[in-house]
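Colleague: In our numbering, the protein residues as written are 125 to 1243.
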Amino acid sequence: MFTKKNLLTSVIYQFLLIGFLILFFSIQFLFAQENWKTIFQDNFQDEDAENWRLISEGGTWEIKNEADNYFLCVNGKGNALPEMEVYADYSIELNFKIIDSEAELQFRNAGEMWYFVKVNEQGLFLKKGLGGGNNLDLADYTLTLNKNQWYNITIILIGSKVTILLDSSVVIEFTDNTDPLLYGYFEIEVRNVETQCYFDDVIIKSKVIIDAEWVKTGGPSGGTGYDVRIHPDDNDIMFVTDVPSGVNKSYDGGDTWTAKNDGMPYRGIDGFPIFSLTIDPNNADIIWAGTQSKRGIFKSFDEGETWIKKDNGIIEDAEISFRGFGIVPGNSDIVLAGAEIETELWDESTGLNFTKGKIYKTNDGGENWFCVWEGDNLARFVLIDPNNPNVMYASTGIFDRLAYNDVGIGVLKSIDGGTTWNQINNGLSNLYIGFLEMHPYNPNVLYAAAGGPSPYHCEGGVFRTINGGESWEKILDNEMLGKNVENKFTVVTISSKDTNVIYAGTPESFYRSDDGGKSWHIFMKPNGGWGPPGVLSGTPISAVVHPEDPMVVFANNYGGGNFKSVDGAKTWINSSQGYTGAILRDISINPNEPGQVYTIGRSGPFRSFNGGEKWEGMAFYPATNSEWYSIALRPDCPNELLISSEHDGLIYKSVDQGNKWEIAFDSNQFGGSLENRHGFKVITYAPSNTNIIYAGMHRAWGVALAPESHGVIKSIDGGDTWCFINSGLEETGKSINEIVVHPTNPNILYIGTTTDGIYKSADGGENWIAKNNGLRLSNVSSLAIDPHNPEIVYAGLDYGGGIMKTLNGGELWLDANEGINISCPSYLMSIGKVPKGISLEKPRPFFSSSYNSIPWTTITDIVVDPVKSDRIYASDLYLGVYMSNNGGEFWQLINDGLSTPAVVSMEISRDGKVLYAATDGAGVFRLAIKNRAPEIYSTIPIQDSTVFICRNDSLEFKISAYDLNADTLVYKWILDDQLIEEEKESKYFLRTTHMVLGSHSLHAEIADVDTSIFVTWELEIIAQTELKDEEFANIPADFILHQNFPNPFNPDTKIKYQLPINSFVQIYVYNIAGKLVKTLVNENQQAGFQSVTWHGKDDKGFDVSSGVYLYQIKAQVEN
């Protein structure tokens, strides 16, 4: 029984409980309107403030500890800025304790104005900072805040509304209806020298502006490959290194790869620049890795899963790269590291650096390093005699660096454990030794691959010593084989299973000896080069033979990828699935089928028909150059495409999706020396008349030199003929970065130039007029036209200029940089701010190449959503991809899933639902902006007609599908409306033993999280024809289609098949996209064993390109 006092207490308790419940749901309601994500979080329990920019203005910032709780403390004046980008709608939650005086929490700080909450003993005071010490009072909440007591504050910013909660209670709600600040940074500021405040548990959340993440396709192949290694105990475990994808590990013998960079520092646009990797021969759990530049030596104790930096004693910094490691057999503590030391000297004719080298040594497993050799070329391999660890060998030089002394150093030998070194070059005619390998069982026998940079030191070969380097003999060069190709040998490797088998490689060809180097087989494609079909090999830089099979060899390539051969280097497949370091330049997609994507870059042109899940090379003769610029699909006929080379001013055309090429433009005046290297950086079809094409030429050789080029060319017949259209550009540099054409008028177009800003033509390029009024900078790297209002054009600038916009066809350009993090060095530009790590002082000396090493704001591409033109995407080479939902008024980064910021080109589907990004060093990424149903890549059998199967026979049905959202696909198989419960894979093996004769149907449902599609085959189960016993003896029992032989083949292959009964037979050959290429058989045939030969030609009699093809048999019988 309650007394009156007890009843009152109970009522108050219930009221407070209801109040808390209401408040709880109120907070949830604030966030329930949109999806929010955490963009910054720090509880300081790691005892540091590495994620903060701390500025002391007479005060100090430090991490303090009370009762095992760490927090950020300020004493006196200062600022603390968390590492976060500019956001519009976001929330800040933190705990604070006032020891003395007051603090300010600033938010939506855009520089000139900002909001802030002043927190002191009298309460919370919301104000607007106007600059110059002027503030505007907005709202307040007065109460006594006790000193030495923790409080929790939450600030929620949505549109023009500011909501502030103190200890979970809403205390201030304010809407700024006069001049709202809609974006900006958050920071803590203390202005009073007497202040002492504590801050803890900082959580910043932002509204998700796009509910999607980038998906890394893992291709195409390419990059600066370096080492390839096979685990000595488990040959399925392999490693490759690459700049910038870092260390990649395979668990299935090179079929697929996974990045393993845990513990490696990520370097933005440079990614994980890992050069060298060596497995400890004494303990395969220990692996060493070295970086390109930045003094990076890393050690792993768990087979490369995690890494620890070990560089104490290395005196160089950015100028040192580690090229190789040698571990003393029997003593894992003693390791030597070969290094390259970059100098400031460059060869102007080749653009190559003159380098020096060092060899460092550790005696304690990497805890301390000291130099044991230095000289006038880089050191790469360090090999150690397993019988006498005091005997060591080191190779010096590589194919793309010049020795500081020009001629090179050759091979070094030490007989005192690395204390002293001597050259052992007797018999070597080339001292650039890019590869050195020791015989697995005789350490006195070594093989050296020699060949330096073109054009000076490329006449090399393969050399061998049998006496520990006292003398060398040349055992291979192309003159010995009667081949007129370059003798720049870059790899040589020997089989440990059969030491008579030796491989060697150059950029042009691969070689194998089966008799210890006495004779050699040479392997090349018909038109030169080697590697997988349609893929440029690049330069082999590392090779290894499988320990158990001398016919299996891997080669990692500079500019090509990792390749595998299972037939002794005759043919190759791409063994790079899952990783890429591809340096790309351009990307284009089929506007109606966004799963069909094309890209181009240093390693050549590539295509994918399944959203980037699998890539095919298109570098078929004559399109076999090594550097590429641009790729463009004809919008109304996507089978037709144009590509351009970077150096020799050529444009190539294909009308069959890149299977065959012809030269569409060649003025025969470009190429050769660096000064004369010109290429078409951009090719653009006029959207309203695709017979009209514009292309802009560019020469990239030293930004500070303001390179001149040759302007714009035009075709009015689909690329068959071209003419220059440079009237009005005569006084300019004519170096073109971008061309955009009016969506409905093919005569109106804009060009962005390297040195002269923006020009416009209203008569199809007959005359050009400068349109630079208001333009901040003259280097215009990207342009985009609003398809719904062509008077609106966006311009992306290089070197810190950001984004500009015109509303009147170029008459006036306005800044559109709200939210763009403008970065440029203060000594070069008056705008912007210097990024972290960039010195404010001008470097001495300042080379033209210095421009390219500075993370300026560089807007590489701008894409307007073709459906919703207020939605725009812009890529910054150093920060990633921005998105604006309001026509460029405000931008936010959308980098979730994007492992590199270095996006150079983007393309969007016609429906605005799929966006692709090509990067400088990480291949292609895909962003599915809205959920899409799965897509069918191919089916076997093809679904175009009834599938006939004899009863008691079996047939496998297979589906290749992909999902642009990267959802996991689930398969269901249904036979005659009955679900086959046990079958959930992408293939189904149909057995007809218990099926009745007649018609049946087989369905497959392919589903992702939200949607599904169906595949249906109509089946006809037929009876086998009865035969007499003597006839049956010579007749096969089943329909069987055998594997073709040889496979791979060039140019002929035979296909065998079996017919159990007389049949009307059709045999078709399809390309990988499912397009019919050749009808091989179309006739009645007798039962029995049959065969047909395909000569590699299509139905028109033309040779088909290299690639993967499918063949299908159809056999129709009576009854």
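Ideal Cβ placement from N, Cα and C applies to all residues, glycine included.
Taking the Cβ atom as the reference point for each residue, do Leu708 and Gly684 lie within a distance shorter than 8 angstroms?
Modeller: Locating residue 708 in the sequence shown gives position 584, where the first residue counts as 1. Locating residue 684 in the sequence shown gives position 560, where the first residue counts as 1. Cβ atoms of Leu708 and Gly684: not closer than 8 angstroms.
Colleague: With 16 other CB atoms within 10 Å as the buried threshold, where does Gly235 fall?
Modeller: If you number the sequence shown from 1, residue 235 lands on position 111. So Gly235 counts as exposed.
Colleague: With Ile223 as the anchor, note down where its beta strand (DSSP E) starts and where it stops.
Modeller: Looking up residue 223 in the sequence shown gives position 99. For Ile223, the enclosing beta strand (DSSP E) begins and ends at 214-224.
Colleague: Specify, as a first and last residue, the run of the beta strand (DSSP E) that Ser712 falls within.
Modeller: Along the sequence shown, one-based indexing puts residue 712 at 588. 708-713 is the extent of the beta strand (DSSP E) around Ser712.
Colleague: List the endpoints of the continuous beta strand (DSSP E) containing Glu890.
Modeller: Reading the sequence shown from its first residue, position 766 is the one you call residue 890. Secondary structure note for Glu890: it is in no beta strand (DSSP E), with a DSSP letter that is neither H nor E.
Colleague: Counting only the same chain and skipping the five closest in sequence on each side, list residues whose C-beta sits under 7 angstroms from that of Glu583.
Modeller: Residue mapping note: residue 583 aligns to position 459 of the sequence shown, counting from 1. Closer than 7 angstroms at the Cβ level, and outside the excluded window around Glu583, lie Asn554, Asn611.
Colleague: For Thr1024 and Thr348, what's the separation of their Cα atoms in angstroms?
Modeller: Indexing the sequence shown from 1 puts residue 1024 at position 900. Indexing the sequence shown from 1 puts residue 348 at position 224. Distance between the alpha carbons of Thr1024 and Thr348 is about 16 angstroms.
Colleague: Flag this pair as touching only if the stretch 694-708 and the stretch 366-380 have three or more C-beta atom pairs under 8 angstroms; answer yes or no.
Modeller: yes
Colleague: Near Ala263, which residues of its chain fall below 7 angstroms by C-beta distance, leaving aside the five closest residues on each side in sequence?
Modeller: For the purposes of this step, residue 263 is identified with residue 139 of the sequence shown, where counting begins at 1. Leu250, Ile296, Phe298.
Colleague: Scan the stretch 1048-1093 and note each continuous beta strand (DSSP E) run of 3 residues or more that stays entirely inside, going in chain order.
Modeller: Qualifying beta strand (DSSP E) stretches, in chain order: 1048-1052, 1059-1064, 1071-1074, 1078-1086.
Colleague: Once you ignore the five residues that flank Gly655 on each side, which residues in its own chain have a CB closer than 7 angstroms to its CB?
Modeller: As a working mapping, residue 655 is identified with position 531 in the sequence shown. Around Gly655: Ser661, Gly684, Phe687, Trp696.
Colleague: With 16 other CB atoms within 10 Å as the buried threshold, where does His1118 fall?
Modeller: One-based indexing of the sequence shown puts residue 1118 at position 994. Counting Cβ neighbours within 10 Å, His1118 comes out exposed, since fewer than 16 surround it.
Colleague: Measure from the alpha carbon of Lys838 to the alpha carbon of each residue in Gly852, Ser778, Ile816, then state which is nearest.
Modeller: Sequence index remark: in the sequence shown, residue 838 carries index 714 (1-based). Out of Gly852, Ser778, Ile816, Ile816 has the C-alpha closest to the C-alpha of Lys838.
Colleague: So, helix, strand or coil for Asp394, using DSSP?
Modeller: One-based indexing of the sequence shown puts residue 394 at position 270. In the structure shown, the three-state DSSP call for Asp394 is helix.
Colleague: Put Asn591 into one of helix, strand or coil per three-state DSSP.
Modeller: Residue numbering aside, residue 591 sits at position 467 when the sequence shown is read from its first letter. Looking at Asn591 - three-state DSSP - the assignment turns out to be coil, as it is neither helix nor strand.
Colleague: Within the continuous beta strand (DSSP E) that includes Ile840, where are the two ends?
Modeller: Translated into positions along the sequence shown, residue 840 becomes position 716. Premise fails: Ile840 is in no beta strand (DSSP E) and is neither H nor E.
Colleague: Among Ile1185, Val1133, Gln1167, Val1139, whose alpha-carbon lies nearest the alpha-carbon of Ala1147?
Modeller: Within the sequence shown, residue 1147 is the residue found at index 1023, counting from 1. That would be Ile1185, whose Cα lies nearest to the Cα of Ala1147.
Colleague: Run through DSSP, which three-state label would Asn203 get?
Modeller: Here residue 203 refers to the residue found at position 79 of the sequence shown. In the structure shown, Asn203 sits in a strand (DSSP, three-state: E or B).
Colleague: CA-CA distance, Thr879 and Gly926?
Modeller: As a working note, residue 879 is residue 755 in the sequence shown. As a working note, residue 926 is residue 802 in the sequence shown. The alpha-carbon atoms of Thr879 and Gly926 are separated by roughly 16 angstroms.
Colleague: Helix, strand or coil for Glu786, going by three-state DSSP, please let me know.
Modeller: The residue you call residue 786 lines up with position 662 of the sequence shown. Here Glu786 sits in strand by DSSP.
Colleague: Please check the pair Ile74 and Ile724, which I expect to be a contact at CB under 8 angstroms, by giving their CB distance rounded to whole angstroms.
Modeller: The requested residue 74 is not part of the displayed model; the chain covers only 125 to 1243.
Colleague: Do you know whose CA, among Gln793, Lys738, Ala788, Arg731, lies nearest Asn763's CA?
Modeller: To locate residue 763, count along the sequence shown from 1; it is residue 639. Ranking Gln793, Lys738, Ala788, Arg731 by Cα distance to Asn763 puts Arg731 first.
Colleague: Does DSSP classify Glu799 as helix, strand or coil?
Modeller: Your numbering for residue 799 matches position 675 in the sequence shown. DSSP places Glu799 in helix when its eight states are reduced to three.
Colleague: Between the beta-carbon of Thr520 and the beta-carbon of Arg504, is there less than 8 angstroms?
Modeller: Walking along the sequence shown from the start, residue 520 turns up at place 396. Walking along the sequence shown from the start, residue 504 turns up at place 380. Yes.
Colleague: My assumption, with CB atoms under 8 angstroms, is that Ser400 sits in contact with Gly448. Please give the rounded CB distance.
Modeller: Translated into the one-based positions of the sequence shown, residue 400 becomes position 276. Translated into the one-based positions of the sequence shown, residue 448 becomes position 324. Between Gly448 and Ser400 the Cβ distance is about 5 angstroms, and since that is below 8 angstroms, they are a contact.
Colleague: Using the Cβ count rule (16 or more neighbours within 10 Å means buried), how would you classify Ile312?
Modeller: Residue 312 sits at position 188 when you count from the first residue of the sequence shown. It counts as buried.
Colleague: Does Tyr874 come out as helix, strand or coil in the three-state DSSP assignment?
Modeller: Mapped onto the sequence shown, residue 874 falls at position 750. Strand at Tyr874.
Colleague: Buried or exposed for Tyr565, please, with buried defined as at least 16 other CB atoms from any protein chain shown within 10 angstroms of its CB.
Modeller: By 1-based counting over the sequence shown, the position of residue 565 is 441. By the neighbour-count criterion, in which 16 or more other beta carbons inside 10 Å mark a residue as buried, Tyr565 falls on the exposed side.
Colleague: Using C-beta distances below 6 angstroms, list every residue in its chain close to Trp892, excluding the 5 sequence neighbours before and after it, in chain order.
Modeller: Taking the sequence shown and counting its residues from 1, one reaches residue 892 at position 768. So the qualifying residues of the chain are Gly852, Leu853, Tyr883, Ser885.
Colleague: With the cut-off set at 8 angstroms, would you say Trp160 and Lys329 are in Cβ contact?
Modeller: Locating residue 160 in the sequence shown gives position 36, where the first residue counts as 1. Locating residue 329 in the sequence shown gives position 205, where the first residue counts as 1. Yes.
Colleague: How big is the Cα-Cα spacing for Phe804 and Glu1207?
Modeller: Locating residue 804 in the sequence shown gives position 680, counting from the first residue. Locating residue 1207 in the sequence shown gives position 1083, counting from the first residue. If I take the Cα positions, the gap works out to 50 angstroms.
Colleague: Taking just the CA atoms, how far does Trp846 sit from Phe1226?
Modeller: As a working note, residue 1226 is residue 1102 in the sequence shown. As a working note, residue 846 is residue 722 in the sequence shown. Pairing Phe1226 with Trp846, the inter-Cα distance amounts to about 27 angstroms.
Colleague: What residue range does the beta strand (DSSP E) around Val367 cover?
Modeller: If you number the sequence shown from 1, residue 367 lands on position 243. First-last of the beta strand (DSSP E) with Val367: 362-367.
Colleague: What residue range is occupied by the uninterrupted beta strand (DSSP E) comprising Phe634?
Modeller: Taking the first residue of the sequence shown as position 1, residue 634 is located at position 510. 634-637 is the extent of the beta strand (DSSP E) around Phe634.
Colleague: Quick check: Leu507 and Pro577, are their CB atoms within less than 8 angstroms of each other?
Modeller: To locate residue 507, count along the sequence shown from 1; it is residue 383. To locate residue 577, count along the sequence shown from 1; it is residue 453. No, the pair does not count as a contact, with Cβ atoms beyond the cut-off.
Colleague: Suppose the cutoff is 6 angstroms on Cβ atoms and the five residues either side in sequence are ignored; what does the same chain contact list for Tyr322 look like?
Modeller: For the purposes of this step, residue 322 is identified with residue 198 of the sequence shown, where counting begins at 1. Within the same chain, Tyr322 has close Cβ partners Phe195, Cys197, Lys221.
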